[in-house]
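So the sequence shown is numbered by our numbering: it starts at 5 and just counts up by one.
From the three backbone atoms N, C-alpha and C, an ideal C-beta is built for every residue, glycine too.
Take a look at the structure set out below.
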Amino acid sequence: MKLAIMQPYFLPYIGYWQLLASVDKFVVYDDIQYTKKGWINRNRYLSASGKVETFTIPIKKDSDYLDVRERVISPTFLKERTKLLNKIRESYRKSPNFDEGYQLFSDILLDEEDNLFLFILNSIEKIKSYLDIDTEIIISSSLNNKNLKGQDRVIDTCVKLAGDTYINPPGGRDLYSESNFRSQGLTLEFLNVSLKPYTHTQTGDFEPGLSILDMIFNVPKTQLMDYLI
Numbered sequence: 005m006k007l008a009i010m011q012p013y014f015l016p017y018i019g020y021w022q023l024l025a026s027v028d029k030f031v032v033y034d035d036i037q038y039t040k041k042g043w044i045n046r047n048r049y050l051s052a053s054g055k056v057e058t059f060t061i062p063i064k065k066d067s068d069y070l071d072v073r074e075r076v077i078s079p080t081f082l083k084e085r086t087k088l089l090n091k092i093r094e095s096y097r098k099s100p101n102f103d104e105g106y107q108l109f110s111d112i113l114l115d116e117e118d119n120l121f122l123f124i125l126n127s128i129e130k131i132k133s134y135l136d137i138d139t140e141i142i143i144s145s146s147l148n149n150k151n152l153k154g155q156d157r158v159i160d161t162c163v164k165l166a167g168d169t170y171i172n173p174p175g176g177r178d179l180y181s182e183s184n185f186r187s188q189g190l191t192l193e194f195l196n197v198s199l200k201p202y203t204h205t206q207t208g209d210f211e212p213g214l215s216i217l218d219m220i221f222n223v224p225k226t227q228l229m230d231y232l233i
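Right under this line is the structure:
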């Protein structure tokens, strides 16, 4: 049984979904510290002029040491999300899959949940459903191993969930020891992310690493499955 573990990200790029689709169980960290300059609550899209822009879920000011599950979305988001929806409409209104993509994005953005982690988790579930991915999602705090760090926590998670193979994004090769996994009866593998090009309506070119939102607007759902491989 294959497992992967990731932080929660808001509408992450296609590599996140390739990892999710490649495993049987996908653990999402909710009991790790929120990082201000990370990508948990923001991502990138193309504006109507073809410029790469960033959208962000604003959060209430609080201690820098809170876990993701303890962070709360700012009340200002109620107004800001309307502006963001308008920006996205203007940016992608000429895209081939606009109607379906805009409906999905609206459903995600208009969620009334104000807990940051749950809001992002809901968005992950909605995109997962749209992409027809049937992987089971598990919340890390349910495993009661926050006291462990790094590789030790990953191995403990695999053991608790009866996994035999752990798949990690390619960027984590220096973080893990294959022999340590093997000593626990586990196989360590790394995902080869595939960034197949597609055409952006705004530019006619390809800009890699944008939010899955951009791909959903520009690639018909029947073809999206090819990008998950």
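For arginine 48, there is no enclosing alpha helix (DSSP H); the enclosing beta strand (DSSP E) covers residues 46-50.
The beta carbon of isoleucine 44 sits closer than 8 Å to those of Gln11, Pro12, Tyr13, Phe14, Tyr38, Val72, Leu120, Ile124, all from its chain and outside the five residues before and after it, given in chain order. Contact between glutamate 104 and lysine 200 does not hold, since the beta-carbon distance rounds to 20 Å and is not under 8 Å. Within the model, the alpha-carbon separation for serine 145 versus lysine 98 is close to 42 Å.
Secondary structure note for lysine 83: its alpha helix (DSSP H) is the uninterrupted segment 81-96. Look at the segment 142-216 and you find these whole runs of beta strand (DSSP E), each 3 residues long or longer: 169-172, 191-194. Shown here, aspartate 111 sits in a helix according to DSSP, grouped into three states. In the structure shown, the three-state DSSP call for asparagine 101 is coil. Beyond the five residues adjoining it in sequence on each side, tyrosine 231 comes within less than 6 Å, by CB distance, of Ile18, Lys200 in the same chain, given in chain order. Rounded to the nearest whole angstrom, the CA to CA distance from aspartate 68 to lysine 40 is 8 Å.
Nearest Cα to lysine 6 within the set Leu195, Ser78, Asp35, Asp156: Leu195.
If you draw a 10 Å sphere on the C-beta of serine 53, you find fewer than 16 other C-beta atoms in it, and that means exposed. Counting along the chain, no beta strand (DSSP E) covers leucine 120; the unbroken alpha helix (DSSP H) around it starts and ends at 120-134.
C-alpha of tyrosine 106 to C-alpha of tyrosine 33: approximately 28 Å in a straight line.
Measuring C-alpha to C-alpha distances from aspartate 160 to each of Ile137, Arg177, Asn184 identifies Asn184 as the nearest. Counting only runs that start and end inside the segment 10-56, the beta strand (DSSP E) elements of at least 3 residues fall at 29-32, 46-50.
In the three-state DSSP reduction, isoleucine 63 falls in the strand class (E or B). In this structure, the straight-line span from the alpha carbon of leucine 108 to that of lysine 130 is close to 8 Å.
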